[in-house]
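Just so you know, we're using the working numbering here: the sequence shown kicks off at 2 and counts up by one.
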Amino acid sequence: MKAVKELVNLKDEALESKLQELDKELMKFRSQVASGTVPRNPGRIRLIKKTIARINTIKSRRVTQRNE
(Lines of atoms letter the chains of each structure in order from A and count residues from 1; the text may use other names and numbers.)
(Lines give C-alpha, C1' and ligand atoms only; values in the text may rest on other atoms or scores of the structure.)
Protein backbone atom coordinates (compact mmCIF):
# COMPACT_ATOMS: atom_id res chain seq x y z
CA MET A 1 0.00 0.00 0.00
CA LYS A 2 1.67 3.16 -1.23
CA ALA A 3 -0.08 5.60 1.13
CA VAL A 4 0.95 3.71 4.25
CA LYS A 5 4.61 3.70 3.21
CA GLU A 6 4.45 7.46 2.69
CA LEU A 7 2.94 7.95 6.15
CA VAL A 8 5.55 5.73 7.81
CA ASN A 9 8.35 7.79 6.27
CA LEU A 10 7.01 11.06 7.69
CA LYS A 11 8.54 12.56 10.82
CA ASP A 12 6.51 12.89 14.02
CA GLU A 13 5.83 16.60 13.48
CA ALA A 14 4.61 16.01 9.94
CA LEU A 15 2.36 13.18 11.12
CA GLU A 16 0.88 15.41 13.79
CA SER A 17 0.17 18.21 11.34
CA LYS A 18 -1.38 15.75 8.88
CA LEU A 19 -3.55 14.39 11.68
CA GLN A 20 -4.77 17.87 12.62
CA GLU A 21 -5.51 18.65 8.98
CA LEU A 22 -7.55 15.47 8.58
CA ASP A 23 -9.43 16.10 11.83
CA LYS A 24 -10.49 19.54 10.58
CA GLU A 25 -11.60 18.10 7.26
CA LEU A 26 -13.56 15.32 8.97
CA MET A 27 -15.23 17.86 11.26
CA LYS A 28 -16.28 19.86 8.19
CA PHE A 29 -17.78 16.76 6.56
CA ARG A 30 -19.59 15.77 9.74
CA SER A 31 -21.11 19.23 10.08
CA GLN A 32 -22.34 19.00 6.49
CA VAL A 33 -23.98 15.66 7.21
CA ALA A 34 -25.51 16.97 10.46
CA SER A 35 -26.99 20.00 8.69
CA GLY A 36 -28.59 17.76 6.10
CA THR A 37 -26.46 18.64 3.11
CA VAL A 38 -24.76 15.88 1.20
CA PRO A 39 -20.97 16.21 0.93
CA ARG A 40 -19.58 16.45 -2.59
CA ASN A 41 -17.61 13.25 -2.04
CA PRO A 42 -19.20 11.09 0.69
CA GLY A 43 -16.60 8.33 0.23
CA ARG A 44 -13.94 10.76 1.39
CA ILE A 45 -15.29 10.54 4.95
CA ARG A 46 -14.43 6.85 5.10
CA LEU A 47 -11.00 7.47 3.61
CA ILE A 48 -10.25 10.23 6.13
CA LYS A 49 -11.28 8.02 9.05
CA LYS A 50 -9.06 5.19 7.83
CA THR A 51 -6.11 7.52 7.33
CA ILE A 52 -6.55 8.93 10.85
CA ALA A 53 -6.55 5.38 12.22
CA ARG A 54 -3.39 4.57 10.26
CA ILE A 55 -1.62 7.65 11.60
CA ASN A 56 -2.61 6.79 15.17
CA THR A 57 -1.34 3.23 14.66
CA ILE A 58 1.99 4.48 13.33
CA LYS A 59 2.35 6.85 16.28
CA SER A 60 1.62 4.12 18.83
CA ARG A 61 4.07 1.73 17.15
CA ARG A 62 6.79 4.36 17.34
CA VAL A 63 6.13 4.91 21.04
CA THR A 64 6.27 1.15 21.66
CA GLN A 65 9.53 0.81 19.73
CA ARG A 66 11.13 3.66 21.69
CA ASN A 67 10.16 2.09 25.01
CA GLU A 68 11.68 -1.30 24.19
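The beta carbon of each residue, even a glycine, is placed where N, CA and C say it ideally should be.
The structure presented is a predicted model; accordingly, all values stated were derived computationally and were not measured.
Beta-carbon contacts of Arg45 that lie in its chain and below 6 angstroms, excluding the five residues immediately before and after: Position 44 of the sequence shown, counted from the first residue, corresponds to residue 45. For Arg45, same chain residues with a beta-carbon under 6 angstroms away, outside a window of 5 residues either side, do not exist.
Cβ pair Leu16, Ile59 closer than 9 angstroms: Against the sequence shown, residue 16 aligns to sequence position 15. Against the sequence shown, residue 59 aligns to sequence position 58. Result yes, Cβ atoms of Leu16 and Ile59 sit closer than 9 angstroms.
Identify the continuous alpha helix (DSSP H) that holds Val34 and give its terminal residues. As a position in the sequence shown, residue 34 is number 33, starting the count at 1. 13-36 is the extent of the alpha helix (DSSP H) around Val34.
Keeping to the same chain, check which residues put their C-beta closer than 7 angstroms to that of Leu23; ignore five residues upstream and five downstream. Locating residue 23 in the sequence shown gives position 22, where the first residue counts as 1. Excluding sequence positions up to five before and after Leu23, its CB lies within less than 7 angstroms of the CB of Ile49, Thr52, Ile53, all in the same chain and listed in chain order.
Within this structure, are the beta carbons of Arg63 and Asp13 separated by less than 9 angstroms? Here residue 63 is taken as the residue at index 62 of the sequence shown, counted from 1. Here residue 13 is taken as the residue at index 12 of the sequence shown, counted from 1. The beta carbons of Arg63 and Asp13 sit closer together than 9 angstroms.
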